[in-house]
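Sequence lines, in order, name chains D and H.
Its first residue numbered 87, the first sequence is counted upward by one per residue in the working numbering.
Its first residue numbered 41, the second sequence is counted upward by one per residue in the working numbering.
Where a beta carbon is used, it is the ideal one built from N, C-alpha and C, also for glycine.
All values derive from a computational prediction rather than experimental measurement.
Take a look at the structure below.
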Amino acid sequence: MVERIKAELGATLKETPVGEADYRERGYHLFAEVASADLLNVARFFDERGFYLAALICVDYKEYLELVYIFSNHASLCKVKITLKIDPAKPVAPTISTVFDCAYWHEREIREFFGVSFDGHPNMTYLFLHEGIDFYPLRKEKIPVSDEDKKALGAFRPGEGEDTFFVNLGPQHPSTHGVLRVVLKMDGEYIEDAQPVLGYLHRMHEKMAENRSYLQFLPNTGRMDYLGPMAFNLGYVTAVERLCGIPVPDRANYVRVILTELNRLSSHLMWLGAYLADLGALTPFLFVFDDREEINDILEPVTGSRLTYCYFRFGGLYNDVDDAFVAGTRAFIERLRSRFSLYEKLVGGNVIFTNRTRGIGVITKERARKQAVSGPVLRGAGIAMDMRKSEPCAAYGKMDFDVPVGTRGDALDMYQVRIREMENALNIIEQALARLPEGPIMTEKAPRKLKPPKGDLYHTVETPRGELGIYIVSDESDKPYRMKWRVPSFSNLMIFPELAKGNLLADAVAILGSLDLVIPEIDR
Amino acid sequence: MVCLGERGVCLEKEVFPVKFAVVEKVLDLARANSIWPMTFGLACCAIEMMSTAMSRFDLDRFGAGVFRATPRQADLMIVSGTVTKKMAPVLVTLYEQMPSPKWVLAMGNCAISGGPFVFEGQYNVIEGVDLLVPVDVYVPGCPPRPEALLEGFLKLEEKITGKRRFPGPESRW
């Protein structure tokens, strides 16, 4: 696949050389720098070959701004980095949102954080930042927002129409699970248009990453996705280990798998309770919290916290697990297995629930690719893609599990995929416990002060919500030069406007819940 | 005509010995034991707030388990998470929509002071919700444990009634 794409891309680009990168070091196979006139052709090239736009990143190198497009593929492992240099004095680039729909949102984000304007983009208004902001936050130098750009600040005005009215879903709404705001254009009870407005919980994680060392940033990862902090921890730790070439002992790898899967269970349980609560059934909420507390009982003595864990370290773990942990986990597996039949009776076999969710929010494979959704939403749409299988980190490569997929792509499929994933997680934990090796939990080769070699890395892991991509640019200092987080909920939310269109408001809540959003992760 | 005591003195001639409780104090007792918090989850702390309301920690024991989704039915706003500059006007609006008497509980370090998100050059976080609305109880932690939030509720009761219903935590240091 990689050779074929290299040859074909070379033929399309003609003069521009296509380089081959060391995948283990860089996280992508091919790279090429294109001129802005070629960009749209390149986007079409990847679109025709079934690629999706995994991430769109902007990096400020002072002399120039660089846009980084990461294209990836669901069918086989092939990642391509396309870069485009732009002049910081006159930052304009062509939009590719006409080819890849998800670029629409990424380009808006880059516009407000870097001031890059995208030619041909239909709506260049601010998505995240508050109206009082007067500079571009992620630029290395403080560049004031020009008067012309200030018009785009807070310029979001939903268009008026005859017989329609607007409803603000959020930012304070119990079914948005946080402070998400969706502006709905309604025709009676039916939704004509939905526009997410973000940034009510923008906590500047990417800015913080640039002014503290790699280790100091570690606690932030747990606060980005508070329901699945282990997976974010794992992603960050493995990314830095990959960048610096730090080995990890076997035991640590297995413990990482066990804890990440336990955390995945607690995240999915939380989703189950909250989703049913959105649909009006409050009883499951009490049941899942009972199970969640059991998980907390296991994790708390080991990690030292109940929620925003910070347990993994570069090269190993914070402390070792003991026999009580192993026994507790085994007992919990038994307990949760018996609870599944209860959940099946209470939820899965409940006609009110199944009739409510069947056939709404249907995502086709094509739309899933164009919007770059990931995780259970992607698998619910019928594409068997799991980063734990395709790019296994820690000890995932040694685990035996299947990837559940949906057949219809509706909200009910998302539910079934997540329930089967929970069963899978139990199997993975059981396997890892059975094979848990003895030995050290921390490598002796970990340097005290991390100074990764110059270069960049795009590293992905599977979180409970989908593909987490971490793009780190290192300039050989002890702080990251730029760190971009490609978060799963952001992409998953962006498919919501088209799913909601033409649906009832009550169904829109059911669709929003099936996407399993965590707001601080979207806003970062 | 009622006579009190052995001397059989009439009420009209003596100082009336029974004091009526101040109506306000009775009401305070009722308020303190049936606090209705608002469903207002901001960030990570919201999950711990939910845990507190669920079966193991059972906020209903203190009469505070009735979470209301609308500010117009709530007495207490639990600010459970980071308040950003974009969220600030929304939060103030919600506070103003709550009927008096009303209380605010700042849960977690972010709501108290901006927590871990305060650094030089930060551009988006309000460094403490007390810059926006008056705060009655501060519960520190990142996030605070459910027990800490329960203690926060007891502190609020104490503030409302002037008395503490349960013994305080033992000081270990």
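Rounded Cβ spacing between residue i and residue j (contact assumed at less than 8 Å)
i	j	result
residue 458 of chain D	residue 175 of chain D	At roughly 31 Å, the Cβ-Cβ gap does not stay under 8 Å, so residue 458 of chain D and residue 175 of chain D are not in contact.
residue 600 of chain D	residue 511 of chain D	Contact flag wrong, Cβ pair sits at about 19 Å.
residue 537 of chain D	residue 564 of chain D	5 Å
residue 151 of chain D	residue 180 of chain D	Actually they do not touch by this definition, with Cβ atoms about 14 Å apart.
residue 192 of chain D	residue 224 of chain D	With a Cβ gap of about 14 Å, residue 192 of chain D and residue 224 of chain D do not count as contacting.
residue 320 of chain D	residue 480 of chain D	7 Å
residue 578 of chain D	residue 446 of chain D	Not a contact, Cβ separation roughly 16 Å.
residue 307 of chain D	residue 315 of chain D	7 Å
residue 122 of chain H	residue 351 of chain D	The pair is not a contact, with the Cβ atoms about 27 Å apart (cut-off 8 Å).
residue 377 of chain D	residue 425 of chain D	6 Å
residue 618 of chain D	residue 163 of chain H	As shown, chain D starts at 87 and ends at 610. That puts residue 618 of chain D outside it, with no answer to give.
residue 337 of chain D	residue 523 of chain D	5 Å
residue 269 of chain D	residue 605 of chain D	At roughly 16 Å, the Cβ-Cβ gap does not stay under 8 Å, so residue 269 of chain D and residue 605 of chain D are not in contact.
Residue-chain proximity (residue i, chain D), Cβ-Cβ < 8 Å
i	result
residue 199 of chain H	no
residue 194 of chain H	no
residue 156 of chain H	yes
residue 99 of chain H	no
residue 172 of chain H	no
residue 91 of chain H	yes
residue 134 of chain H	yes
residue 44 of chain H	Only weak support exists for where residue 44 of chain H lies, its pLDDT of 46 falling under 50; the value from the coordinates is given anyway. For residue 44 of chain H, the answer is no, since every Cβ of chain D falls outside 8 Å of its Cβ.
residue 41 of chain H	Annotation note: pLDDT 42 at residue 41 of chain H (below 50); position unreliable, no value reported.
Check whether residue i and residue j have beta carbons under 8 Å apart
i	j	result
residue 548 of chain D	residue 461 of chain D	yes
residue 145 of chain D	residue 559 of chain D	yes
residue 527 of chain D	residue 335 of chain D	yes
residue 453 of chain D	residue 608 of chain D	no
residue 163 of chain D	residue 124 of chain D	no
residue 385 of chain D	residue 329 of chain D	no
residue 82 of chain H	residue 119 of chain H	yes
residue 116 of chain H	residue 90 of chain H	no
residue 148 of chain D	residue 114 of chain D	no
residue 183 of chain H	residue 92 of chain H	no
residue 468 of chain D	residue 495 of chain D	yes
Under 9 Å by beta carbon: chain H residues contacting residue i
i	result
residue 125 of chain D	Simply none; closest approach about 31 Å.
residue 257 of chain D	126, 127 and 130
residue 294 of chain D	156, 157, 159 and 162
Min CB distance residue i to chain H below 8 Å
i	result
residue 441 of chain D	no
residue 346 of chain D	no
residue 372 of chain D	yes
residue 394 of chain D	yes
residue 504 of chain D	no
residue 390 of chain D	no
residue 446 of chain D	no
residue 201 of chain D	no
residue 210 of chain D	no
residue 610 of chain D	no
residue 606 of chain D	yes
residue 290 of chain D	yes
residue 387 of chain D	no
residue 425 of chain D	no
residue 230 of chain D	no
residue 305 of chain D	yes
residue 421 of chain D	no
residue 350 of chain D	no
residue 337 of chain D	no
residue 568 of chain D	no
residue 309 of chain D	yes
Residues that residue i contacts on chain H, provided the C-beta gap is smaller than 8 Å
i	result
residue 297 of chain D	159, 160 and 161
residue 287 of chain D	82, 83, 121, 122, 124 and 127
Interface residues of chain H facing residue i [CB-CB closer than 7 Å]
i	result
residue 415 of chain D	Residues of chain H passing the Cβ test: none, with the nearest at roughly 19 Å.
residue 265 of chain D	82 and 127
residue 656 of chain D	Shown here, chain D extends from 87 to 610; a query on residue 656 of chain D therefore has no answer.
residue 218 of chain D	125
Neighbour list for residue i in chain D, Cβ cutoff strictly below 7 Å
i	result
residue 109 of chain H	260
Proximal chain D residues relative to residue i, where beta-carbon distance stays under 8 Å
i	result
residue 96 of chain H	375, 376 and 379
residue 87 of chain H	312, 313, 356 and 393
Chain-ordered chain D contacts of residue i [CB-CB under 9 Å]
i	result
residue 211 of chain H	Ordered by position in chain D, no residue passes the 9 Å Cβ test against residue 211 of chain H, which lies about 22 Å from the chain.
8 Å Cβ cutoff, residue i in contact with chain B
i	result
residue 185 of chain H	No chain B is part of this structure, whose protein chains are labelled D and H.
Any non-hydrogen atom of the ligand GDP closer than 7 Å to residue i Cβ
i	result
residue 209 of chain D	Only the bare structure without any ligand can be found here, which leaves the ligand GDP out of the picture.
| query | What are the complete beta strand (DSSP E) segments, minimum 3 residues, inside the stretch 96 to 127 of chain D? | reply | With a minimum length of 3 residues, the continuous beta strand (DSSP E) runs that stay inside the stretch 96 to 127 of chain D are 104 to 106 and 116 to 120.
| Which parts of the stretch 381 to 423 of chain D are runs of the beta strand (DSSP E), unbroken and 3 residues or longer, counting only runs that do not cross its ends? | Entirely contained in the stretch 381 to 423 of chain D, not one beta strand (DSSP E) run reaches 3 residues.
| query | What are the start and end residues of each continuous alpha helix (DSSP H) run of 4 or more residues lying completely inside the stretch 112 to 178 of chain H, in chain order? | reply | Fully enclosed alpha helix (DSSP H) runs of 4 or longer: 128 to 137 and 148 to 153.
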